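Student:
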Amino acid sequence: MNKRKQGYKKPISYYVRILRKDGRLRHVKLTSIVTSYKGKDVSFLTLNDLTKEIRRERKLRKLATIDTLTKIYNRYVLFSTLEHLIEYAERYGETFSVIIFDIDNFKLLNDTYGHLAGDRVLREIAKEVKKIIRRSDIFGRYGGEEFLIILPKTKDPYPVAEKIRKAVESIDFEKGIRVTISLGGTVYRKGDTVDSIINRADEALYLAKQSGKNQTVIL
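In my numbering, the protein residues as written are 16 to 234.
#1: Could you please give the first and the last residue of the uninterrupted beta strand (DSSP E) stretch that includes L40?
#2: Would you identify the three-state DSSP class for L100, choosing helix, strand or coil?
#3: Check whether the Cβ of D119 lies closer than 7 Å to any heavy atom of the ligand ATP, and answer yes or no.
#4: Hey, is the segment 219-233 in contact with the segment 129-136, meaning 3+ C-beta pairs nearer than 8 Å?
#5: Please state the DSSP three-state secondary structure of N89.
#6: What residue ranges within the segment 98-180 form continuous alpha helix (DSSP H) runs of no fewer than 4 residues, ordered along the chain?
#7: Along the chain, where does the beta strand (DSSP E) containing N214 start, and where does it finish?
#8: Does the structure place the segment 81-92 close enough to the segment 168-186 that three or more beta carbon pairs sit under 8 Å?
#9: Might you give, ordered along the chain, the residues of its own chain that have their beta carbon closer than 8 Å to the beta carbon of R32, omitting 5 neighbours on each side?
#10: For E161 and A216, I'd like the C-alpha separation in whole angstroms.
#11: Which whole-angstrom value is the C-beta distance of V113 and G200, which I expect to be below 8 Å?
#12: Indicate the three-state DSSP secondary structure (helix, strand or coil) for D83 in the structure shown.
#13: Once the 5 residues before and after F111 are set aside, which same chain residues still bring their CB inside 8 Å of it?
#14: Using alpha carbons as the reference points, say which of R156, L137, K53 lies closest to F188.
#15: What is the DSSP secondary structure of K55, counted as helix, strand or coil?
#16: For L34, report the span of its beta strand (DSSP E) as first-last.
#17: Rounding to the nearest angstrom, what Cα-Cα distance links V144 and T231 in this structure?
#18: Can you round the beta-carbon distance between T195 and D119 to whole angstroms, since I take them to be within the 8 Å contact cut?
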């Protein structure tokens, strides 16, 4: 029989969160169906627990944006953020800065202490940098032992870069390992693209390496 003739009305769905007695949160879809039976409205309510699906979706979303080793943003997020900030800067005249840094003599560290020790160093440096930068700053792993920081509304990245350099230099890693980093920074210029601003910061990093490492160069 046709649903319209039976008196069915369009179902209405609600998505709610329910806190259970054990403190765990459940994500539930409630669907209300109203139909007519012998001249009277009759309502049906169905519940569909979406908790597993939502957790799975969040996990996949996180894997798509977070570096699995250091638990900071990955290259995809860094490039997407730069594209957005360049567009914003062109439209509203805002500015931002970029810092690229890497670990000095990282290959020697891996060869001497092993890759597990190198991974621990990467994780510890990521934790230390997160303590220093602002909540609005975007920090991610650019690749290998290279990291990139995007500083919105910042005209001079040097003070932040130097604070990070000194903080990393003072970390006492396991097995008595001590490391230094070299940093290159730059400020957005009108007409910049993602490639041009990264290349300029990378050039600054190269100059820092060539000048003896464990220092900051801003171009």
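All C-beta atoms in this analysis are idealised placements derived from N, C-alpha and C, irrespective of residue type, glycine included. Only a predicted model underlies this, so the values are computations on that prediction, with no experimental measurement involved.
Tutor: Working from what's here:
#1: 40-52
#2: helix
#3: In terms of ligand content, the structure shown is empty, and the ligand ATP therefore cannot be addressed.
#4: No, the segment 219-233 does not touch the segment 129-136.
#5: coil
#6: 121-128, 130-147
#7: First-last for N214: 209-225, but that is the alpha helix (DSSP H), not the beta strand (DSSP E).
#8: Counting Cβ pairs under 8 Å, fewer than three are found: no touch.
#9: L40, R41, H42, V43
#10: 12 Å
#11: Yes, V113 and G200 are in contact; Cβ-Cβ is about 7 Å, under 8 Å.
#12: Position check: residue 83 holds Thr in this sequence, whereas Asp was assumed. Here DSSP, grouped into helix, strand and coil, assigns T83 to coil.
#13: L100, A104, I165, L166, P167, K168, T169, V202, Y203
#14: L137
#15: strand
#16: 27-34
#17: 15 Å
#18: 5 Å
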